[in-house]
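So the sequence shown is numbered by this note's numbering: it starts at 14 and just counts up by one.
C-beta atoms are modelled at their ideal positions from N, C-alpha and C, and glycine is treated no differently.
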Amino acid sequence: MYNLDASAPEPPDKHALLVATDLQDHLMVASNDLERLQRLLDDASESLSGHFYSATDHIQRLLRAAAVQAVDEGGQMHDAMRDLAGAITALQFHDMATQLINHTQRRLRGCADKIAREAMGDDEDGETIVEEIPLKPNPVTQDEMDAGSVDLF
Numbered sequence: 014m015y016n017l018d019a020s021a022p023e024p025p026d027k028h029a030l031l032v033a034t035d036l037q038d039h040l041m042v043a044s045n046d047l048e049r050l051q052r053l054l055d056d057a058s059e060s061l062s063g064h065f066y067s068a069t070d071h072i073q074r075l076l077r078a079a080a081v082q083a084v085d086e087g088g089q090m091h092d093a094m095r096d097l098a099g100a101i102t103a104l105q106f107h108d109m110a111t112q113l114i115n116h117t118q119r120r121l122r123g124c125a126d127k128i129a130r131e132a133m134g135d136d137e138d139g140e141t142i143v144e145e146i147p148l149k150p151n152p153v154t155q156d157e158m159d160a161g162s163v164d165l166f
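Right, dumping it as structure tokens:
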């Protein structure tokens, strides 16, 4: 028997529902991969911070030794400052990567939620809440990094 009531929703196509469910799962896996990447970046950033503080201690010792001996340790000081600049640049990369990962996670989760809502409809608790997908395609616009040259948003 056919449903002549135009207000009644049509049953979802089973194939489309399976495709939507599969796509939603893939989006969530990608989002979880990004979370793992974020943890790896955080660990690397902690290591970089440790090296940064170690290099700072090294420079302070050189400055004290140079002051006591009244000697210019320019070569060693230059090397240490270059190391610090590299650490700063790497930490800026971490900040930029974190922003991009968070932005991408929001986009993936928003897409997954939207697919779920469209394919499966609302649940018994009411309308499914879907976080707005960010409109800006890329929150990080810096293509090249030098120590002190990255503006973070």
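{"Item": "C-beta contact flag for Gly-123 and Glu-137 at 8 Å", "Value": "no"}
{"Item": "Integer-rounded CB distance, given that Ala-103 should sit under 8 Å from Leu-61", "Value": "5 Å"}
{"Item": "Any non-hydrogen atom of the ligand ATP within 7 Å of Asp-126 CB", "Value": "Of the ligands one can find in the structure shown there are none, so the ligand ATP has no counterpart to examine."}
{"Item": "Rounded Cβ spacing between Ile-72 and Ala-100 (contact assumed at less than 8 Å)", "Value": "At roughly 12 Å, the Cβ-Cβ gap does not stay under 8 Å, so Ile-72 and Ala-100 are not in contact."}
{"Item": "Residue ranges of each beta strand (DSSP E) within the stretch 16-71, 3 or longer", "Value": "none"}
{"Item": "Straight-line gap, Leu-50 to Arg-74 (C-alpha atoms, nearest Å)", "Value": "36 Å"}
{"Item": "Same chain, Cβ closer than 6 Å to Ala-33, five either side skipped, listed in chain order", "Value": "Ile-128 and Ala-132"}
{"Item": "Test item: CB-CB of Ser-67 and His-107 under 8 Å", "Value": "no"}
{"Item": "Nearest residue (CA-CA) to Leu-113, options Leu-31, Ser-44, His-28 and Ala-29", "Value": "Ser-44"}
{"Item": "Integer-rounded CB distance, given that Thr-111 should sit under 8 Å from Leu-54", "Value": "7 Å"}
{"Item": "Euclidean distance between Cα positions of Leu-36 and Val-42", "Value": "10 Å"}
{"Item": "Separation of Arg-120 from Asp-70, as counted between CA atoms", "Value": "42 Å"}
{"Item": "For Gly-63 and Ala-98, the rounded distance between their alpha carbons", "Value": "14 Å"}
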